[in-house]
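Chemist: Residue numbers (the numbering used here), protein chains in the order written: chain A, 12 to 336; chain B, 83 to 288; chain C, 50 to 341; chain D, 2 to 663.
Think of the CB as a built atom: it goes at the ideal place given N, C-alpha and C, for glycine as much as any other residue.
If you scroll down you'll find the structure; I have some questions about it.
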């Protein structure tokens, strides 16, 4: 029996949902486990970094890495895995585009620490504790990883072969990706392993979208009783379907929530948030500029909505912070 | 009957006057005036003015600085804004009257007319107490406008006092008038560099 | 955030005392809180604007800044003159960045940041739109039937920052009269100036304007003129005797505040409404039946 | 996008434009710079590139250097793009492989700084060269023109345009659509017309009859256009005929049914008389109406409102023309061109409450006064007060709703003249003293000033001052029971109060209230005052931004009858010229969809101002109707995925151009 291909899974700055998604493969995971040899999966199995370091370079067939990169330790780990792997797959929105943690690029380390350790309401007001990278204890010097000013996507740190988008990627896409890797039927390097068109193309509600999609008001999901059989955009609720890559089969929409764009932009669009912004501006149909402003102002937190998953990989990248002394 | 020469030579006019008025808040639309006379016609007191509001606008546009600042009209204006609302060109005529009043005050370009004098007294009192005491103000008005009007006002004052709507003793004032003065003082130095030395700012006892 | 902030202005603390009394009584009868702005200052009136624009705006804006510092509720300014000064200052600060820069800097010296967040309202509009005619009608216990009233708005709350709807053809006072059961007469000069400060400055002119208004009301055979402004009320009320004497015609008429009219219909006590402070005791004949 | 088939061989031609460009830009340095750019094989300068020698120079260079792309750096493309495209085309290169760079209006005319000007010219040429490298050859296409014409609006403009078109005798139909039951428009309401004072009916009625009997005109009265699709030369139109409850083909206009109606008295306001006179539920709008057919107002008719009536009208009709069950009926037409002549709406005088219209008695609008003065009007030609007396004094207030930033800022142009006309007629019929209150008396036009002088010599009182208010609050005995007009006599310098018996408000002209819907249906644009917008105020005054649609009369802006008729003739001639040519050329700047990328999200459909994008239900992608597309690029900008692109303005081209500039 030929040696089973070695597989590693790792997480960086992420919520853990991507790990859940792997577990959510349900019975299919047994097939995967039978087909591969998992050599590193800190969430589930007890392997040490030294085990990985001990492997020869390129010994791992594929590493699935989820989460954005924002700590020096994460950088070290992904560089290690890159060295040891033939293929690296950025797994999930955070790794692919920067993800929700990427919204931290609206601040920097100092302002984040300021809030988290001093200003946020606390049981212990006035505490001044701040994480340090080095501390002396009787047993010797302890070291903690460095926290970066800027969150990065995986491809901003190491070379990435494929991307599995989604928050998290759907079981079907994961299974397809594993299948493709196992059978060697791989698309060109750099491909996003999902649909090529935007989500509307596979959304059932697209049929109900009026030919002239123009809205007079913007509503939040909490403000309306959504008609689940009618295109949400036509009901004034911002759905990012038109801007977002397909492949999820309109999972959220079928579940009664509009698309928030976790699959990111289609290949040809350079900046997800910019396109999303121009798309929303396009469909708001108001003659009176004052009223239009009023309605557009109802898009609470535009950065958070239009760049929810992709700030680090957008043309903006991050907010420019004032120079600190 | 005296014969007067009315021709105006260009050098007697102030070419910059119009721009000066137009650059003040509310004066910007003055160029749009059609001279239609709606302002004069709707004004409840234009019939008492030496120059109707329409003429005042026309004079400002022509650079007739002295004629405007020396006119009675600007002091007759009751600031009821009827002209401003009715003007088909949306010229803020009331605001322009105020602009002219302020210029006249600053340049002492007004006859010893009772209205500007009363307004100065008002400003002084408000600056001191932060608020206005009507009875004290009344006395000042009477002093400015002469004994006869004072006699005429006496029965009115007496009746108001009996109804507890006026008192000679009570002074209406803020708890802390200094807090207002701090704000006003902060605005004071603005005038210092621009005001000509010969015409000290009349804006209330600096 | 409930209720309103209350900006009385100087007149309501003096000759306009009946206005303040009736206003507070009516609002409290309706369960609407009016909280006086602490240590308010004069709005600047017309006089300050004739002397210095920035200071005039700053005077008014200081009151608005204090209101902002509190809960930022709407500011109710019953005196039409104050209403106009405050509204105009707010508009000037919004429209002219230079003025705003200078005035906010000056207010900053007194630690009063100004953002222009509070709305300036006139109580007539508050009563008819926020409270609403239906609620007012329900509270009426003594409908003022048989009472003919001349609705007189004066100038300041109609323009140019209208404190009541339809400034060209206002009907708020008429609506209010109907709410209390009284009959508003057609009063063509209802938006004409009362003479304002000219009754003090240039009396011959001021009194002529008063005379026209009173004659017209008299010709319409009304029982009272209803006003919304302490200066209008004062001008129309205190010069009646003098005009009678000078012109040889009877122009004597009760001049009421609209809040007094409302208070009467609510069945509030005459003293609480400051009725006894009016120079001309009103409405003896038409209200005799009601009072009994 | 495919890379260009052959390697680019670009020629750059820099124009001195006399001293216009040369005076500020260092042209020799620019030429040197251009020659060194990638793809450029030839660069030269010339004094006037647009001149014949300049054009020859380009052609010669194309031959000599084997150029396949050309950049000309000179003036604005609006001036000479056409010229140079022709030149390039004559030299054997596809005209869309040419690019024009503006270094005059955009550079030399806007600065005196020679160094910066030269730098800017260089970077613009760099951008132009990068762009032309990626440009693709394109072909303009042509389409046939349907000879039928739709004319919307049956006032004097629409009637005149229809007759001009119909008289060309092309064997095609003119479809004239009028929403009122009769054609004639506002002009039919007038008694006389200025400045000649000839009778409006006398000149209008023959035209109305001609429209009715003309074999080439199909009149759709009491009808509205409900939809227009298609494009120049090929419009699909749907018209709805509103039910008259009378079979139009059978009715002979004998009016016996009106006589027989169960309502013995006329009691409903007559629309034609603006409510000043009354009619029955079954009526004809006015005696000379065309078509002379009766109609029933379903809101007034007992049977149609309540379902019960003796229906005496049916018994009275000998032709069995009455059909109380009639329903709206739609017809579809194909036309090649459209003339819009929907006219104006008089300003609503209630919007100026200070003049008391609708509140004070004896205050009327000018149009109402026209009816009073008409022999067929409510008072048979003599204006009367509400109490039946003749007025002794009448005030005519000019500029009601015009020249007023609070309502309409523009001058309505016709009010001064019609006010003078009304003054003359009122004086003539009643002997009243008439005052005209005006801001400026505007009487330019043939015979107009003479008319003004005539009125002055007739003793018309003119006061130069805009009226502030009309009130009934009298201050003197003479004012009692009068309307008092308050205005400043600005020439005398006094405020005056003038008591009059009657007030006439010279209301201005406004766009029809449904102009916006019309604009959307036809894809036209409106000026900021709301009138339909012409393509060019001087050089294309009756054309619109939509090819094949022309405008005439007051729908384009206030104008009097002579000017309206002239415009109607012009619109007809523009339409005829298109019809005669027979084909239309379509610019190839159209949008194209990459179906591989299109997700069918439909955002572009709502954005397209020309209705050029449709959705393919089968393929679930959008498609562009090339002939409708104007190449505005809105869809390409709005497309959330980059599936939509515009020919000649593809993203790569624009990005390349930007890269050259920065």
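1. Based on Cα-Cα distance, which residue from D/187, D/411 and D/394 lies nearest to residue 402 of chain D?
2. Quick one, which residues of the segment 103-125 of chain B are near chain D if we go by CB-CB under 7 Å, in chain order?
3. What number of angstroms, rounded off, separates the C-alpha of residue 60 of chain C from the C-alpha of residue 94 of chain C?
4. Output needed in chain order: residues of the segment 127-141 of chain B with a Cβ under 8 Å from some Cβ in chain D.
5. Please report how far the alpha carbon of residue 65 of chain C lies from the alpha carbon of residue 196 of chain C, in whole angstroms.
6. So, are the CB atoms of residue 10 of chain D and residue 68 of chain D less than 7 Å apart?
7. Go ahead and label residue 34 of chain A buried or exposed: buried means 16 or more other beta carbons lie within 10 angstroms of its beta carbon, across all protein chains shown.
8. Beta-carbon of residue 354 of chain D versus every beta-carbon of chain C: anything under 7 Å?
9. Ends of the alpha helix (DSSP H) at residue 290 of chain A?
10. Three or more C-beta pairs closer than 8 Å, one from the segment 225-234 of chain B and one from the segment 260-268 of chain B: is that the case here?
11. Please report the distance separating the alpha-carbon of residue 144 of chain C from that of residue 109 of chain C.
12. Hey, is residue 530 of chain D's beta-carbon within less than 7 Å of any beta-carbon in chain B?
13. Hey, is the segment 315-328 of chain A in contact with the segment 109-123 of chain A, meaning 3+ C-beta pairs nearer than 8 Å?
14. Residues of chain D with CB under 7 Å from residue 238 of chain C, in chain order?
15. Cβ of residue 86 of chain A within 7 Å of Cβ of residue 168 of chain A?
16. For the segment 168-185 of chain D and the segment 208-225 of chain D, state whether three or more C-beta atom pairs, one from each stretch, are separated by less than 8 Å.
17. Considering residue 274 of chain C, what are the terminal residues of the beta strand (DSSP E) in which it resides?
18. Are there 16 or more other CB atoms within 10 angstroms of the CB of residue 605 of chain D, so buried, or fewer, so exposed?
19. Go ahead and label residue 476 of chain D buried or exposed: buried means 16 or more other beta carbons lie within 10 angstroms of its beta carbon, across all protein chains shown.
20. Consult DSSP for residue 187 of chain B and reduce its assignment to one of helix, strand or coil.
21. Please return the same chain residues whose Cβ sits closer than 6 Å to the Cβ of residue 225 of chain B, not counting the five positions on each side in sequence.
22. Which full runs of the beta strand (DSSP E) of 3+ residues lie inside the segment 610-648 of chain D, going along the chain?
23. For residue 351 of chain D and residue 298 of chain A, I'd like the C-alpha separation in whole angstroms.
24. According to DSSP, simplified to helix, strand and coil, what is residue 101 of chain D?
25. Using a Cβ-Cβ distance cut-off of 7 Å, determine whether residue 321 of chain C contacts chain B.
26. Strictly below 7 Å CB to CB, what residues from chain A border residue 293 of chain D?
27. Using a Cβ cut-off of 7 Å (strictly closer), state whether residue 39 of chain A contacts chain D.
28. For residue 323 of chain C, count the other beta carbons within 10 Å of its own beta carbon; 16 or more makes it buried, fewer makes it exposed. Which is it?
29. Under 8 Å between beta-carbons, which chain C residues line up against residue 173 of chain B? List them in chain order, please.
30. Going residue by residue through the segment 133-185 of chain A, where are the continuous beta strand (DSSP E) segments of at least 3 residues, counting only ones entirely within it?
31. Look at the alpha carbon of residue 480 of chain D and the alpha carbon of residue 505 of chain D, and state the distance between them as a whole number of angstroms.
32. Which same chain residues end up closer than 6 Å to residue 216 of chain C when comparing Cβ atoms and leaving out the 5 residues on each side of it in sequence?
33. Go ahead and pull the three-state DSSP assignment for residue 94 of chain D.
34. Can you tell me whether residue 287 of chain B is helix, strand or coil according to DSSP?
35. State the DSSP-derived secondary structure class of residue 551 of chain D, mapped to helix, strand or coil.
36. Which residues mark the beginning and the end of the alpha helix (DSSP H) in which residue 161 of chain D is found?
Modeler: On the basis of the coordinates in this document:
1. As a first step, residue 402 of chain D must be located in the fourth chain, where it is residue number 401. That would be D/411, whose Cα lies nearest to the Cα of residue 402 of chain D.
2. 116, 117, 118, 119, 120, 122, 123 and 124
3. Position 11 of the third chain, counted from the start, is the residue given in the question as residue 60 of chain C. Position 45 of the third chain, counted from the start, is the residue given in the question as residue 94 of chain C. Distance between the alpha carbons of residue 60 of chain C and residue 94 of chain C: 11 Å.
4. 128, 129, 134, 136 and 137
5. As a working mapping, residue 65 of chain C is identified with position 16 in the third chain. As a working mapping, residue 196 of chain C is identified with position 147 in the third chain. Their backbone Cα atoms lie some 23 Å apart in a straight line.
6. By 1-based counting over the fourth chain, the position of residue 10 of chain D is 9. By 1-based counting over the fourth chain, the position of residue 68 of chain D is 67. Yes; because the gap between Cβ atoms is below 7 Å, this pair is in contact.
7. The residue given as residue 34 of chain A occupies position 23 in the first chain. So residue 34 of chain A counts as exposed.
8. The count along the fourth chain starts at 1 and reaches residue 354 of chain D at position 353. Chain C contact via Cβ: present.
9. Taking the first chain and counting its residues from 1, the one referred to as residue 290 of chain A is at position 279. Counting along the chain, the alpha helix (DSSP H) containing residue 290 of chain A begins and ends at 283-294.
10. no
11. Counting from one through the third chain, the residue named residue 144 of chain C turns up at place 95. Counting from one through the third chain, the residue named residue 109 of chain C turns up at place 60. Approximately 16 Å, taken between the alpha carbons.
12. Taking the first residue of the fourth chain as position 1, residue 530 of chain D is located at position 529. Taking Cβ atoms only, chain B never reaches closer than 7 Å to residue 530 of chain D, which makes this a no.
13. yes
14. Here residue 238 of chain C is taken as the residue at index 189 of the third chain, counted from 1. Result: 474.
15. Here residue 86 of chain A refers to the residue found at position 75 of the first chain. Here residue 168 of chain A refers to the residue found at position 157 of the first chain. Yes, they are a contact pair.
16. yes
17. Translated into the one-based positions of the third chain, residue 274 of chain C becomes position 225. Start and end: 273-276.
18. Here residue 605 of chain D is taken as the residue at index 604 of the fourth chain, counted from 1. Buried.
19. Position 475 of the fourth chain, counted from the first residue, corresponds to residue 476 of chain D. Burial call: exposed.
20. Within the second chain, numbered from 1, the residue matching residue 187 of chain B stands at position 105. DSSP places residue 187 of chain B in helix when its eight states are reduced to three.
21. Translated into the one-based positions of the second chain, residue 225 of chain B becomes position 143. Excluding residues within five positions, none has a Cβ falling inside 6 Å.
22. 614-617, 622-625 and 645-647
23. Residue 351 of chain D sits at position 350 when you count from the first residue of the fourth chain. Residue 298 of chain A sits at position 287 when you count from the first residue of the first chain. So the two alpha carbons sit approximately 25 Å from each other.
24. Here residue 101 of chain D refers to the residue found at position 100 when the fourth chain is read from its first residue. Three-state result, residue 101 of chain D: strand.
25. On the third chain, residue 321 of chain C is found 272 positions in, with the first residue counted as 1. No, no contact with chain B.
26. The residue given as residue 293 of chain D occupies position 292 in the fourth chain. Going along chain A, no residue has its Cβ under 7 Å from residue 293 of chain D, so there is no contact; the nearest lies around 42 Å.
27. Working through the first chain from its first residue, we reach residue 39 of chain A at position 28. Chain D contact via Cβ: absent.
28. Within the third chain, numbered from 1, the residue matching residue 323 of chain C stands at position 274. Classification of residue 323 of chain C: buried, given that the 10 Å Cβ count is 16 or more.
29. As a first step, residue 173 of chain B is located in the second chain; it is residue number 91 there, counting from the start. Ordered by position in chain C, no residue passes the 8 Å Cβ test against residue 173 of chain B, which lies about 12 Å from the chain.
30. 145-148, 151-154, 158-163 and 173-175
31. Here residue 480 of chain D refers to the residue found at position 479 of the fourth chain. Here residue 505 of chain D refers to the residue found at position 504 of the fourth chain. Spanning the two alpha carbons is a distance of roughly 18 Å.
32. Here residue 216 of chain C corresponds to residue number 167 of the third chain, with the count starting at 1. Here the set comprises 207 and 208.
33. Along the fourth chain, one-based indexing puts residue 94 of chain D at 93. If DSSP states are grouped into helix, strand and coil, residue 94 of chain D belongs with coil.
34. For this step, residue 287 of chain B is matched to residue 205 along the second chain. The predicted model places residue 287 of chain B with a pLDDT of 36, which falls under 50 and marks its position as unreliable; any figure quoted below should be read in that light. Residue 287 of chain B falls in the coil class under three-state DSSP.
35. Within the fourth chain, numbered from 1, the residue matching residue 551 of chain D stands at position 550. Looking at residue 551 of chain D - three-state DSSP - the assignment turns out to be strand.
36. For this step, residue 161 of chain D is matched to residue 160 along the fourth chain. Residues 157-168.
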